[in-house]
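Asker: According to this note's numbering, the stretch in the sequence shown is residues 3 to 151, in order.
In this text, a Cβ means the ideal position worked out from N, Cα and C, and glycines have one as well.
Got a structure for you, questions after.
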Amino acid sequence: MSTSSTPTPDSTNHRAPETRMTPTAVAPGRETSRWPLYLLADLVLVVVFAAIGRASHGEDGGGMFLTAWPFLVGTLVGWLVSRGARSPAALWPTGVVVWLATEVVGMLLRALTDQGTAVSFMIVSIVVLGVFLLGYRAIVAGVRRARRR
């Protein structure tokens, strides 16, 4: 019986691959348990976007949900597609996917329901929703970085 220095399948090291944290990644654990708060924040910010838009056009608040619902559906689609509960505070992929889904699905639903989809509205909505949905995630990431120092 000879001893070989070549590893056999039974003697190989079965370590899990190392995970590398990216600047927008969130440490697992605490944040994933708080995903409902991030989802709620996204939904509230979409409603705020609709309320600001209606107020800027002198429209009453009563129709706010008529304006908001297509974007709210888009937000939920973004959460499902990005699996937002896994890394709710991450700019990528969660924040970007939620933002773009909110815009694209929202505009498609508005078009299908004969609501306005003027180019100027598309530009304003993508900018404002981006600032809202990505902005607070960027602030959270910055606060975390500052706390680690």
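For the alpha helix (DSSP H) containing Ser127, name the first residue and the last one.
Answerer: Along the sequence shown, one-based indexing puts residue 127 at 125. Element bounds for Ser127: 121 to 150.
Asker: So, are the CB atoms of Trp101 and Leu135 less than 8 Å apart?
Answerer: For the purposes of this step, residue 101 is taken as residue 99 along the sequence shown, with counting starting at 1. For the purposes of this step, residue 135 is taken as residue 133 along the sequence shown, with counting starting at 1. Closer than 8 Å, so yes.
Asker: Alpha carbon to alpha carbon, what distance is there between Arg151 and Leu47?
Answerer: For the purposes of this step, residue 47 is taken as the residue at position 45 of the sequence shown. For the purposes of this step, residue 151 is taken as the residue at position 149 of the sequence shown. Distance between the alpha carbons of Leu47 and Arg151: 30 Å.
Asker: Please tell me whether Gly118 and Gly76 are closer than 8 Å, where the distance is taken between their beta carbons.
Answerer: To locate residue 118, count along the sequence shown from 1; it is residue 116. To locate residue 76, count along the sequence shown from 1; it is residue 74. No, these two residues do not count as a Cβ contact at 8 Å.
Asker: Cβ atoms of Trp37 and Gly80: under 8 Å apart, would you say?
Answerer: As a first step, residue 80 is located in the sequence shown; it is residue number 78 there, counting from the start. As a first step, residue 37 is located in the sequence shown; it is residue number 35 there, counting from the start. No.
Asker: For Phe51, tell me which candidate among Ala143, Arg146, Val126 has the shortest Cα-Cα distance.
Answerer: The residue labelled residue 51 in the question sits at position 49 within the sequence shown. Comparing Cα positions, the closest option is Val126.
Asker: Can you check which of these residues, His59, Pro72, Ala43, is closest to Leu111 by C-alpha distance?
Answerer: Taking the sequence shown and counting its residues from 1, one reaches residue 111 at position 109. It is Pro72.
Asker: Quick check on the burial criterion: 16 or more other C-beta atoms within 10 angstroms. Buried or exposed for Arg39?
Answerer: Reading the sequence shown from its first residue, position 37 is the one you call residue 39. It should be pointed out that residue 39 corresponds to Leu in this sequence rather than to Arg. Under this definition Leu39 is an exposed residue.
Asker: Taking its Cβ as the centre, do 16 or more other Cβ atoms sit within 10 Å of Val129, making it buried, or is it exposed?
Answerer: One-based indexing of the sequence shown puts residue 129 at position 127. The residue in question, Val129, is exposed, as its Cβ has fewer than 16 Cβ neighbours within 10 Å.
Asker: From which residue to which residue does the alpha helix (DSSP H) around Arg85 run?
Answerer: Taking the first residue of the sequence shown as 1, we reach residue 85 at position 83. Note, Arg85: premise wrong, no alpha helix (DSSP H); not H, not E.
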